[in-house]
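Which chain is which? The protein sequence lines are A, B and C, in order.
Here our numbering is used: the first residue of the first sequence is 1, the next is one more, and so on.
Here our numbering is used: the first residue of the second sequence is 1001, the next is one more, and so on.
Here our numbering is used: the first residue of the third sequence is 2001, the next is one more, and so on.
For reference, the structure discussed in these notes is given below.
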Amino acid sequence: MIVGMTLEIVPIAYHINMSVIAGIVLGPALGFISVFIVDLMIAMFGHGGFTVVGLNTLVVGTEAAVGFYFFHAFLGLLSSSKISAGLSAALATMLSLIISTSLMIGIVYLSQVNPEKILHVDKENFIGKVFSLGPHRENEKHEMQDNKIDIETFAKTVFFLGMFGWILEAVISGFVIRYVSRVRPDLILSEAT
Amino acid sequence: MDIGIIDYFANSGEGLLHRASPLYKIISTVFVLASIVITNDFIVLLSIYLMLASLVILTRLPFLKIISIAAYPAIFAVLFAISSWSEDWIIPATIILKALCAALAMVILIVTTPYPSVFSSISPFLPRVILEGLYLTYRSLFILLELMGNLLRALRIRGGLSPRRYIKNISNFASGIGLLLIRGFDLSERFYGVMQVRGYSGKIAEEERKRKLGHEDIFPIAVGLFILSVSIGARLEDDFKLYGIYLLTLSIVFVCCSAYYVYFHNSTRGVFWKR
Amino acid sequence: MEEIVRVSNLRFTYPDGTKLHFHGLDFVVHQGERVVILGPNGSGKSTLLFHLIGLFMASEGMISVFGVDPSKDYIKIRERIGVLLQNVENQIIAPTVWDDISFSPRNYGYKKEDVKRLVEDIIEKLDISHLRDKVPHYLSGGEKTKVGLAGALVTKPDLLILDEPFEGLDPTCRMDLIGLLNRISRENETALIISTHNIDTVPLIANTVYLMAMGGEIVGRGSPKEIFTQLELLSKCHIEPPVLGALFFELKKYGVNLDVSLTVEEAARIIADQIALFEKKKSGVG
């Protein structure tokens, strides 16, 4: 996965993830752990996102785990076809990426919920004051006010930009798994047994 | 993503921060990240960014290279910024600046500290399997990167990547990735075999040797504490905000002093400065 | 001398179904012996070594290393065996040189002070103190070989197994390595088992040579001189004799029958003696 991230397919760092491939080869549990290790490492490689390693792991790990199950489901349906492994991987990748993107949007939406409103925290409390999201001062020019992300715009942007990535990743994952199924079929089929 | 160059900087740099203990640099980075999370003020964030930039200068590494590596998360922050757009530019700018500051703080840590040292320092907080996974991933990464380089070269030489043959190119490229995957698996099986032969029982790398606090350790801690206290002060005290412009000026002074120290004062003139 | 390794009539099947049968002569190694295994590509040299270190399990036959079957009880003998694989890159596991050299003693449960002493000792011996804190992927091929060797020797093993250790080394590094291995074997009575293609290095290091043909058949065993004078046997194994050996065989065709020598020094002495004898005869006749 890390090596794949060094291969910029399109400028502005459009790169393949290979999380679904990791899920297919390692299985859902080990795939999840490997995603955590990779997320931690790439956060330390300057890829950013160190404060959201947990959330990244949740999203990408879900992709890997769900991808495994989709792959075997499609493999079962397409088993008679010559190109079953590659096609199953491509379809599984596409669906997994849609699900993980939706999960990410859901998380972003949830992150805007003000915990003070949920927990009824005393605003004068020192720790609460430091970490609470709401505004403290009036007439403040430089500070983010009680501002929310327009989730609809965010979702549209992410889905639009992501679509190209999903197609590319699905195609590449399909070819990769097709190659692996010819050379080392035990790598992708052993997890199913 | 410049894994190789980051690793090279960390292992061969000669700046002030390179000599500091990994543990204290990690603590300092945690302070800075906490301050970035706490603060929502644009001026404070800009001041933090400039202070971090002055630390980059002190590392004696190529300044623009480091800043560009740390600018990568801005791409994703722009998505959030677009979604938060109202008539005021401050909010999107703050979102992007937060991402830049956090990334720069991490990049300063990793270009001045070899990865094994970072892993050793955080080992008390990680399960053994994750830690060992980090060490082995780090070790095998460079082997696989070299393999990948050879693979791409072979594809180019043998006509596997040709202009206007998009499907064929993707197929060949993906086959190369598949080959890399299989080689990676073989490598891991070989590593496992060797580990068994050499008596592996849970220790790949030695724990970081603790040493006494030195003057080069105090510097990052002091910077981290200063940034954190500024953020907390800005968050709590209304009056603090009035001095935002002075804070910004102070940061600019830090940048100039760092540049002066590295370029003019020190006899080595900075090993990487001019590259 | 105590017998430490014996392999007899071993059968093994690779994952792709290819079968190998180590038959013919038994493979035997004694304490302090320096054994070289010669054979063409695909004869099973590396496979034999992997059986000795317990990485492969035979389906049939007998294998004993320090009295145990390594595929079953390698844990009992692993501290007595050091290994240097063909691609040393695959053997360097830890992130720094010091970590890698100290890998085995740390995992065997040695005390910290003992680990430090052993590692410092081997670092000094191999003259790699300057590499102590380096990361392995920045080292040259020769340096990686030294680090791998240090990792294999740190616990002062009784048996050192080396798979193609001279590959990729320049002549100077190769001679340094040969000198080092000879010294270690002499000082510590460490047995060496080396597989190599490099014919010319064999006389410099081995006191016993095993010759393997395709399919795993062990066709010859003896000192380097005994083996390299058997041209038919060498030909069966697709092995050319060492350059010096070939020279003496060619000289025989011209009626010059000299005792075959495999080292430059000995060859020079033999030729010089022969010339001196010729000069004496000539002056005697004249």
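All C-beta atoms in this analysis are idealised placements derived from N, C-alpha and C, irrespective of residue type, glycine included.
Just the Cα atoms here: how many angstroms apart are C/T2263 and C/R2080?
Approximately 32 angstroms, taken between the alpha carbons.
So that I know if they touch, is there some Cβ in chain C lying closer than 9 angstroms to that of B/I1121?
One detail in the question is off: residue 1121 of chain B reads as Ser in this sequence, not Ile. Judged by the 9 angstroms Cβ criterion, B/S1121 is not in contact with chain C.
Can you give me the C-alpha to C-alpha distance between A/V180 and C/S2043, rounded to a whole angstrom?
One C-alpha to the other measures close to 29 angstroms.
Run the CB neighbour count on A/L161, radius 10 Å, all protein chains shown included, and call it buried at 16 or more, exposed below.
Counting Cβ neighbours within 10 Å, A/L161 comes out exposed, since fewer than 16 surround it.
Could you tell me whether any Cβ in chain C is nearer than 9 angstroms to the Cβ of B/A1093?
By this cut-off, B/A1093 is not an interface position.
With a cut-off of 9 angstroms, does the C-beta of C/E2089 fall near any C-beta of chain B?
Judged by the 9 angstroms Cβ criterion, C/E2089 is in contact with chain B.
Mapping the DSSP letters down to three states, classify B/H1018 as helix, strand or coil.
Three-state DSSP puts B/H1018 in a helix.
Measure the alpha-carbon distance for A/G23 versus A/V53 and round it to whole angstroms.
When rounded, the distance between both Cα atoms is 18 angstroms.
Excluding sequence positions up to five away, which residues of its chain have a Cβ less than 8 angstroms from the Cβ of B/F1219?
The answer, listed in chain order, is L1016, L1017, A1020.
Taking Cβ positions, are C/V2154 and C/I2077 nearer each other than 9 angstroms?
Taking 9 angstroms as the Cβ cut-off, C/V2154 and C/I2077 do not qualify as a contacting pair.
Count the other CB atoms, across all protein chains shown, that sit within 10 Å of the CB of B/G1178; report buried if there are 16 or more and exposed otherwise.
Buried is the call here.
Residues bridged to C/D2163 by DSSP?
The partner list for C/D2163 (beta bridge, DSSP) reads C/S2195.
Comparing the C-beta of A/M163 with each C-beta of chain B, is any distance below 9 angstroms?
It does not; no Cβ of chain B falls within 9 angstroms.
Taking Cβ-Cβ distances shorter than 9 angstroms, what residues in chain B pair up with A/T154?
Here residue 154 of chain A is Phe; the residue named in the question, Thr, does not match the sequence. Those are L1079, F1080, I1082, S1083, S1084, listed as they occur along chain B.
Taking contact to mean at least 3 C-beta pairs separated by less than 8 angstroms, is the segment 2201-2216 of chain C in contact with the segment 2232-2247 of chain C?
Segments in contact, yes.
In or out: B/R1235 buried (at least 16 other Cβ within 10 Å) or exposed?
The residue in question, B/R1235, is buried, as its Cβ has 16 or more Cβ neighbours within 10 Å.
For the alpha helix (DSSP H) holding B/S1117, just list the boundary residues, first then last.
Per DSSP, B/S1117 belongs to the alpha helix (DSSP H) from 1115-1122.
Could you confirm whether any beta carbon from chain B is found closer than 9 angstroms to the beta carbon of C/R2183?
With 9 angstroms as the cut-off, C/R2183 does not count as an interface residue toward chain B.
From C/I2004 to C/H2051, what distance separates their C-alpha atoms?
Each residue's alpha carbon lies about 14 angstroms from the other.
Note down, one range per segment and in chain order, each alpha helix (DSSP H) of at least 4 residues found wholly within the segment 2228-2274 of chain C.
Runs found: 2231-2236, 2243-2253.
Quick one: grab the DSSP three-state call for B/Y1260.
If DSSP states are grouped into helix, strand and coil, B/Y1260 belongs with the helices.
I need the straight-line Cα distance from C/L2131 to C/V2097, nearest angstrom please.
Spanning the two alpha carbons is a distance of roughly 7 angstroms.
Distance cutoff 9 angstroms, beta carbons only. Does B/V1056 sit that close to anything in chain A?
No, B/V1056 does not count as interfacial toward chain A.
Are the C-beta atoms of B/T1059 and some chain A residue less than 9 angstroms apart?
No, its Cβ sits nowhere closer than 9 angstroms to a Cβ of chain A.
Once you ignore the five residues that flank C/S2185 on each side, which residues in its own chain have a CB closer than 6 angstroms to its CB?
Within the same chain, C/S2185 has close Cβ partners R2034, L2192.
Within the 9 angstroms Cβ cut-off, does A/D39 reach chain B?
Taking Cβ atoms only, chain B never reaches closer than 9 angstroms to A/D39, which makes this a no.
If I follow the unbroken beta strand (DSSP E) through A/V108, where does it start and stop?
Premise fails: A/V108 lies in the alpha helix (DSSP H), 84-111, not in any beta strand (DSSP E).
Across the segment 1022-1042 of chain B and the segment 1089-1107 of chain B, are there enough close Cβ pairs to call them in contact, namely three or more that are closer than 8 angstroms?
Yes, the segment 1022-1042 of chain B is in contact with the segment 1089-1107 of chain B.
Does the segment 2023-2038 of chain C come close enough to the segment 1254-1264 of chain B to have 3 or more Cβ pairs within less than 8 angstroms?
No: fewer than three Cβ pairs fall under 8 angstroms.
Among residues of its own chain, excluding the 5 on either side of B/A1103, which ones have a beta-carbon nearer than 6 angstroms to its beta-carbon?
Cβ neighbours of B/A1103 beyond the five flanking positions: A1070, P1073.
Please check if any C-beta of chain B sits within less than 9 angstroms of the C-beta of C/K2045.
Not an interface residue.
Looking at A/F175 and the ligand MG, is the gap between the Cβ and the nearest heavy atom below 8 angstroms?
Ligands displayed in this structure: none; no statement on the ligand MG is therefore possible.
Would DSSP call A/M41 helix, strand or coil?
Helix at A/M41.
Using a cut-off of 8 angstroms between C-beta atoms, extract the partners of B/S1201 located in chain C.
Residues of chain C passing the Cβ test: N2107, Y2108, G2109.
Looking at chain B, is there any beta carbon in it that lies within less than 9 angstroms of the beta carbon of A/F45?
For A/F45, the answer is yes, since a Cβ of chain B falls inside 9 angstroms of its Cβ.
What are the residues of the segment 93-115 of chain A that lie near chain B, defined by any Cβ-Cβ distance shorter than 9 angstroms?
Taking 9 angstroms as the Cβ-Cβ cut-off against chain B, the residues of the segment 93-115 of chain A that qualify are V108.
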